[in-house]
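Encoded as structure tokens, the structure appears first; notes follow it.
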Amino acid sequence: MCGIVGVLGHNQVAPILVEALRRLEYRGYDSAGIATVNKGALERRRAVGKLVNLSDLLVHNPLAGHAGIGHTRWATHGAATEHNAHPHACGPVTVVHNGIIENFRALREKLAPHGLSASTDTDTETVAMLCAYHLAQGLDPEAAVKATVAELDGAFALLFLFEGQEDLMIAARKGSPLAIGHGDGEMYVGSDAIALAPMTDQITYLEEGDIAFVTRAGAKIIDVNGQLANRAKQKIETQATVIDKAGHKHFMTKEIYEQPVVMSEALSRYAPNGAPAFPEALDFSRFDRIVMVACGTGYYSCLTAKYWFEQIARIPCEVDVASEFRYREPPIAPRTLAIFVSQSGETADTLAALRYAQGKADMIVSLVNVGTSSIARESDLALAILAGIEVSVASTKAYTNQLTLLALMALACGQQKGVVSDEQVATYVSELRGVPDLMRQALKLDAQIADMANALAPAQSVLFLGRGAMFATALEAALKMKELSYIHAEAYASGELKHGPIALIDPTLPVVVFAPFDRLFDKTVSNMQEVMARHGNVTLITDAKGLSEASAGTQNRLELPITGDLSGPIVYALPAQLLAYHTAMAKGTDIDQPRNLAKSVTVE
Ligand code: AGP
98 MCGIVGVLGH
108 NQVAPILVEA
118 LRRLEYRGYD
128 SAGIATVNKG
138 ALERRRAVGK
148 LVNLSDLLVH
158 NPLAGHAGIG
168 HTRWATHGAA
178 TEHNAHPHAC
188 GPVTVVHNGI
198 IENFRALREK
208 LAPHGLSAST
218 DTDTETVAML
228 CAYHLAQGLD
238 PEAAVKATVA
248 ELDGAFALLF
258 LFEGQEDLMI
268 AARKGSPLAI
278 GHGDGEMYVG
288 SDAIALAPMT
298 DQITYLEEGD
308 IAFVTRAGAK
318 IIDVNGQLAN
328 RAKQKIETQA
338 TVIDKAGHKH
348 FMTKEIYEQP
358 VVMSEALSRY
368 APNGAPAFPE
378 ALDFSRFDRI
388 VMVACGTGYY
398 SCLTAKYWFE
408 QIARIPCEVD
418 VASEFRYREP
428 PIAPRTLAIF
438 VSQSGETADT
448 LAALRYAQGK
458 ADMIVSLVNV
468 GTSSIARESD
478 LALAILAGIE
488 VSVASTKAYT
498 NQLTLLALMA
508 LACGQQKGVV
518 SDEQVATYVS
528 ELRGVPDLMR
538 QALKLDAQIA
548 DMANALAPAQ
558 SVLFLGRGAM
568 FATALEAALK
578 MKELSYIHAE
588 AYASGELKHG
598 PIALIDPTLP
608 VVVFAPFDRL
618 FDKTVSNMQE
628 VMARHGNVTL
638 ITDAKGLSEA
648 SAGTQNRLEL
658 PITGDLSGPI
668 VYALPAQLLA
678 YHTAMAKGTD
688 IDQPRNLAKS
698 VTVE
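So the number in the numbering used here is just where the residue sits in the sequence shown, counting from 1, plus 97.
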């Protein structure tokens, strides 16, 4: 998952490219580079590490030119070094790439006899070499790119720039997103509309297999069959692309604190009059079972929803991570609804799993935060989770809005299948409508959670426990702790503890227990007491009733407001997020761009 951008401008493009790359850093940030055509010659500047290092380099070693391409990298092949940074070049062509070329080694073997040998560890350099080969065979740039793309296996978004061509960029899309921006006598290409927002809100999205030949006069697009394609030009809502921290220290805290507001927006859209309101096409009476597929945090929102669909709507619900689902190739029975959850809408594994389900499931519904994303466009129905742009790599507000929609979907399912009465639905929806205020109460515990986090920071590992839907909350809490603080963390269904993991318990292992005072509370407390009987270090996250019943012997306690079956997992996510955030702050790790990660994993 990398970010790519290109500009055919009137003036110097280097600053425009760098600003666009800043907006794409969420896609990867272990190195960056730009290339321009300057007086006919191709020139490059590249730097390892964050984009700021490239900016600094350009101050001392500027790059002129009115046509250029740029890239911010999340390494797939080859370490994060300047030498492996994009753009890659070979002879008269330079290229930037998002994705993976799976047959690059075979292509290198084909090119070696023609005097073309790789000097980097990357798959992308092979693309430049192959294009240079076709140019050397006498093909013009358009024909050379077509011939190149035809030989590539894998997933890619590519952008080519050519020596002597001050008014040409060629873009190719297969499996990774690409957008074309229309300016006033200028043209742009980017991984998404966010990157191009400072220049234009007039966007054309390339489809799978498209190749676009871009000049300042516009873009000629051919489809996967080589036929001219007429792709719509859309006006993208520019306010959706405003990216700032609104006074917060990090995007993550901004997005954590936005949760009450964005959840209210989701409730207004999907339960405007106290009942679930989804498009008519989503008729749950058509289905006898549900399959839910996602990755990471999205997977944990699906795991949570499994409890709701099965307990409230009484419909069997299978949940799987996309990378397993797509290769397990599960049989999909008739009358199956397949739900795919993805904040970015571009996660390669989830998109591939969706494509596996196409033609097998009776309906494919996606929950996305980017309405123009690939997953949205390939679904029968895409439901916007309305969380607003989520910049921080660690997902927070998208998670709780995913839960909000999934809870309402479970209610709609139960209602449409006649399993839940209108009165029961109204009661559940009323519970959900109260959640934003409960979130605000939970956010008031921020300072107390920060103190708890200081005690966690020295830990080598953290164990999270929960039962029922709180087990999914514990899993999400463990993911947040891992990806933000780099401390190993894992989660267990608390009933599982005695089947092995309890061997881990000693005073040095912090154990965090999510236990609202519900029908599983006593069982969870029994497991918690098993931990304390072995001198375990327990933090209990519960409510006033829970504290009065079970705070004895715990090291730390956090009192959340009283919650119910639907509101619990949503509200309890906030202390999980804040605990990870403050532990990371105590450790000094990078909050919004943790090491090794990227916001959108558009490669396998
Ligand atoms: C969440 O905090 C992680 N950054 C990661 O697990 C993420 O949820 C996962 O990569 C899926 O992303 P998506 O929702 O955009 O598909």
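A virtual CB, placed ideally from N, CA and C, is assigned to each residue, including glycine.
Since we're looking at a predicted model, the values are computed, not measured.
P607 - partner residues in DSSP beta bridges: N634
Reduced DSSP secondary structure (H/G/I, E/B, other) of T312: strand
Beta carbon nearer than 7 Å to a non-hydrogen atom of ligand 1: A391, C392, G393, T394, G395, V438, S439, Q440, S441, G442, E443, T444, T447, V490, A491, S492, A495, L576, K577, E580, L694, K696, S697, V698
According to DSSP, residues forming a beta bridge with I318: A309
Cβ separation of T570 and A491, assumed to be a contact under 8 Å, to the nearest whole Å: 15 Å between Cβ atoms; not a contact.
Euclidean distance between Cα positions of M284 and G315: 7 Å
Burial state of D289 (16 or more Cβ within 10 Å): buried
For L675 and A547, the rounded distance between their alpha carbons: 8 Å
V438, DSSP secondary structure in three states: strand
Pair within 7 Å by beta-carbon distance, G711 and P184: No answer is possible for residue 711: the residues shown for the chain start at 98 and end at 701.
Reduced DSSP category for S463 - H, G, I as helix; E, B as strand; rest coil: strand
A445 beta carbon less than 7 Å from that of E701: yes
T133 - containing beta strand (DSSP E), residue span: 128-135
Distance between M625 and I602 (C-alpha atoms, nearest Å): 11 Å
Segment limits, alpha helix (DSSP H) that includes Q408: 393-409
DSSP state of Y453 mapped onto helix, strand, coil: helix
Residues bridged to H279 [DSSP beta-bridge criterion]: M284
Where L644 sits in the DSSP three-state scheme: helix
E627 vs A641 beta-carbon contact at 7 Å: no
Three or more C-beta pairs below 8 Å linking the region 129-146 and the region 311-328: no
Sufficient close CB pairs (3 or more, under 8 Å) joining the region 475-491 to the region 344-355: yes
For G175 and R366, the rounded distance between their alpha carbons: 45 Å
Assigned secondary structure, G103 (DSSP; H/G/I helix, E/B strand, else coil): strand
E377 classed as buried or exposed, judged by whether at least 16 other C-beta atoms fall within 10 angstroms: exposed
Sequence-distant residues of its chain with Cβ nearer than 6 Å to L572 (five each side left out): Y397, A588
Opposing strand residues paired with T301 [DSSP bridges]: I277, K330
Beta-carbon gap between G165 and V110 smaller than 7 Å: yes
Buried or exposed (CB count within 10 angstroms, at least 16 for buried), A550: buried
Residue range of the alpha helix (DSSP H) that includes S527: 519-530
Buried versus exposed, by CB contacts within 10 Å (16 or more), V517: buried
Check whether G51 and T169 have beta carbons under 7 Å apart: Absent from the model: residue 51. The displayed extent of the chain is 98 to 701, so no value can be given.
Same chain, Cβ closer than 8 Å to L151, five either side skipped, listed in chain order: V115, L118, A129, G130, I131, R142, R143, A144
Cβ-Cβ separation, T636 to V668 (assumed contact under 8 Å), whole Å: Contact flag wrong, Cβ pair sits at about 17 Å.
For M296, the three-state DSSP class (helix, strand or coil): coil
Beta-carbon proximity check, T217 vs H163, cutoff 7 Å: no
When A507, H585, P357, A473 are compared against Q538, the one with the closest alpha-carbon: P357
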